[in-house]
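Each number in our numbering comes from the position in the sequence shown (counting from 1) with 70 added on. All C-beta atoms in this analysis are idealised placements derived from N, C-alpha and C, irrespective of residue type, glycine included. Note that the coordinates shown come from a computational prediction; the quantities given were computed from them, not determined experimentally. Input: a single structure, listed below in structure tokens.
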Amino acid sequence: MPKQKTNKAIKKRFRLTATGKVLHRQSGTSHLATRKSKKRRRQLRGTAPLDPVAAKAIRKALSQWSY
């Protein structure tokens with residue numbers, strides 16, 4: 071049986087923690103940021119955990135997990 075390939079587009083956009091949570095970059099920071107408040111821009115920095123329902127599909131596409 072052939073190996074399951076990792077989805078490279080998903081690999082670039084999501085990261086797995088040691089406990090199996092999926093982290094993603096928060097949206098709303100790429101452009102048109104000047105109209106957003108400083109507080110909002112500051113809070114959108116960094117990564118945030120993905121909700122468990124969507125995370126299951128991401129883990130399957132990364133193929134490191136057998137879900």
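Those residues which DSSP pairs with Ala118 across a bridge | According to DSSP, which records beta bridges pairwise, Ala118 is partnered with His94.
For Arg95, which option in Lys126, Lys130, Lys82 and Arg129 has the closest C-alpha, if you only look at C-alpha atoms?
-> Lys82
Limits of the unbroken beta strand (DSSP E) element including Lys85 | Checking the displayed sequence, the identity of residue 85 turns out to be Arg instead of Lys. That run of the beta strand (DSSP E) goes Phe84 to Leu86.
Within the same chain, show all residues whose beta-carbon is closer than 8 angstroms to that of Thr76, passing over the 5 residues directly before and after it, in chain order.
-> Ala131, Leu132, Ser133 and Gln134
If I'm right that Arg115 touches Val92 with Cβ under 8 angstroms, what's the distance once you round it to whole angstroms?
-> So it is not a contact: roughly 18 angstroms between Cβ atoms.
Run of the alpha helix (DSSP H) containing Lys109, from where it starts to where it stops = Segment Lys108 to Gln113, the alpha helix (DSSP H) holding Lys109.
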